[in-house]
Structures are given as C-alpha cells and as structure tokens.
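In the working numbering, the protein residues as written are 171 to 462.
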C-alpha cells in the first residue's frame, strides 16, 4: 500500500475503519508508526489491553498465570515529540492527569469484573521521574479510593520486570504508562509461551481495534510456521467487546467458543513449532476450524 499510494494508511482506509463497528488489524511492519500509532491517537483508543494466560502444555514459566496489562495508549514518549538541540536529541514525555485517571478507571473496573484476585498493580518509576510518573502514580492512588473492593499496590517498573519472571502468578491487572506497558507486555507474552500466544485490544469510549501483539515477521514469510493463536485470540477479544457493546450474547458466546477451542488444542498437545509442536500454520488452522 505504501509503495502504491505513498501512504501507509490511505485516507479511504482510515474512513472505512472509522465508520465500522470495530477493526481487526494485522501486523504492518516498518510502517507501524504511521498506522497503529496514528489510529490510536485519531480514534482516541486510550486503553491497550494485553492479557497473558498460560495454556496447557505450552512453554510457560508457570501453569497458573492469568494477568492483563492495561497500558495508557495515547501519551508518554510515544507521542513522537522529538527534536534536536545542537549535538543532542530530546524527546518530550507527556503524562496528563486526565489520561492517567481515565486509564486507572479502566484498570480498576476490569479488576472488578474479572473476579480473579481483584488487584491492581500500578507500575511506574516515580523515584526517578518525579513529575511525570509521580503524577501517574498519585492519580492511580486517588482512583483506588473509588474501588474499595479492589486491592491496590504500587511497583517500580524494574521490580515489576523482575517479578513477572519470578512470580507472574501474583499479578492480576497491571496498569502503567505507554512505554513501560509496551515493554512489559512483550515480557509477559514470553512468560506464557511467546508472542504467538499474545492478543491485544486498543479500546476507546466508542471504538475498538484488535491485533496480535507480534510484528509482521517477514523472516518467516512463506515458511508456514507462523502461529495464528494470537490473531485468533484477538478475534475472540473483538467478538466479546462487540457483544458487550451491542448487548449481543451470541457474539460473546462465539468469542468464548474460540478461546475454548484454543484451550482444547493446547490440552491435546496440538501446537505450532514455536511452542514445541509440529503443526504448520495451515494444519493448525484446520484443527481450529474442525473443532469450531
């Protein structure tokens, strides 16, 4: 598309996305900044939701991991506000109370609805970035007062990175800023078997965009070894979101069925090569279809 039109995201494509009920997006390679970052900002998709769940027989660190990272999706260093000063380069880190409060509310509401540990971990680095992360941490702490039934803790990002390896089962909902969330969600994906197992949702008040966490992986193109699980689970997230938004129970049930099929395949050791199995992409997809 970029070669043919000069734009990674042509105007007509953006309009089609904007006028749809939801968007399912595939990885786009090096033009990601011009596509996904642009869509997140223009559609105000402020919440990036990345679950990490251990399925049976997967190369997970533990078999009892069930956490979700709620990442603020519109601010931080990812606004792309950079400039040169002499022989130095400067990046603007923008953290606002409005965006911090909005993402904190989303995280606490999710912890309430998940009915797991009912715990929110606010991850930041306010001991160093006292203004920006200090604001984020204080705002999350204030929002915690509105959810007395949800436990609240704070953790520095380096400690969180360590604990995701040491005791990932201890987490429920992690809420954090854009850059930290991007890094920690890739780490949590590896904890439960790799990026091929990791779906994601970009949610705003009126729109949802869903995508696998992994990139385009041009290095394995045509080899038939890509793991479609993250894409399938992204579809599951999309169906459940659409069902809840429009009051469509059937849509929710289809999403849940998709996840149960993935669970059943894992339980029966039917896996792609990246997770220790022997199925090609097509063979694995046929297994999904036959069970669905």
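Ideal placement from N, C-alpha and C gives every residue a C-beta, glycine not left out.
Query, Result
"One question on the structure: do residue 440 and residue 449 come within less than 8 Å of each other, judged by their Cβ atoms?", "yes"
"CA-CA distance, residue 423 and residue 433?", "15 Å"
"If you run the structure through DSSP and keep just helix, strand and coil, what is residue 348?", "helix"
"Go to residue 416, then tell me how far its alpha helix (DSSP H) extends in each direction, as first and last residue.", "399-416"
"Looking at the structure shown, is residue 284 part of a helix, part of a strand, or coil, going by DSSP?", "helix"
"Within a Cβ cutoff of 7 Å, which residues of the same chain sit near residue 179, ignoring the five residues on either side of it in sequence?", "204, 205, 208"
"What did DSSP end up calling residue 338 once you bin it into helix, strand or coil?", "helix"
"Could you check whether residue 369 and residue 235 sit closer than 8 Å to each other, using their CB atoms as the reference points?", "no"
"Which of the three DSSP states, helix, strand or coil, is assigned to residue 257?", "coil"
"Just tell me which of 267, 293, 196, 326 has its CA closest to the CA of residue 305.", "267"
"Between 329, 257, 421, which lies nearest to residue 409 when the distance is taken from Cα to Cα?", "421"
"Restricting to Cα atoms, I'd like to know which of 233, 292, 387 is closest to residue 354.", "292"
"If we call anything under 8 Å between Cβ atoms a contact, is residue 344 one with residue 215?", "no"
"I think residue 452 touches residue 394, with their Cβ atoms under 8 Å apart; what is that distance to the nearest whole Å?", "6 Å"
"Bridge partners of residue 322, per DSSP?", "290"
"I'd like to know if the segment 399-408 and the segment 371-383 are in contact, where contact means that at least 3 CB-CB pairs between them fall below 8 Å.", "yes"
"Tell me whether residue 244 sits in a helix, a strand or coil according to DSSP, three-state version.", "coil"
"To test your reading of the DSSP string, which unbroken beta strand (DSSP E) runs of 3 or more residues are found completely within the segment 357-391?", "369-373, 378-382"
"Alpha helix (DSSP H) containing residue 314: first to last residue?", "302-314"
"Output the boundary residues of the alpha helix (DSSP H) element that contains residue 186.", "181-188"
"Go ahead and pull the three-state DSSP assignment for residue 235.", "coil"
"Over the uninterrupted alpha helix (DSSP H) stretch that includes residue 436, give me the two end residues.", "419-437"
"Looking at the secondary structure, which residues open and close the beta strand (DSSP E) in which residue 263 lies?", "Careful: residue 263 lies outside any beta strand (DSSP E) and carries neither H nor E."
"Just to confirm, is the Cβ distance from residue 348 to residue 319 under 8 Å?", "no"
"With distances taken Cα to Cα, identify the nearest neighbour of residue 371 among 334, 360, 412.", "412"
"On the criterion of 16 or more Cβ atoms from any shown chain inside 10 Å, does residue 185 qualify as buried, or is it exposed?", "exposed"
"Buried or exposed, going by whether 16 or more other CB atoms sit within 10 Å of the CB of residue 175?", "exposed"
"Return the first residue and the last residue of the alpha helix (DSSP H) that residue 458 is part of.", "451-461"
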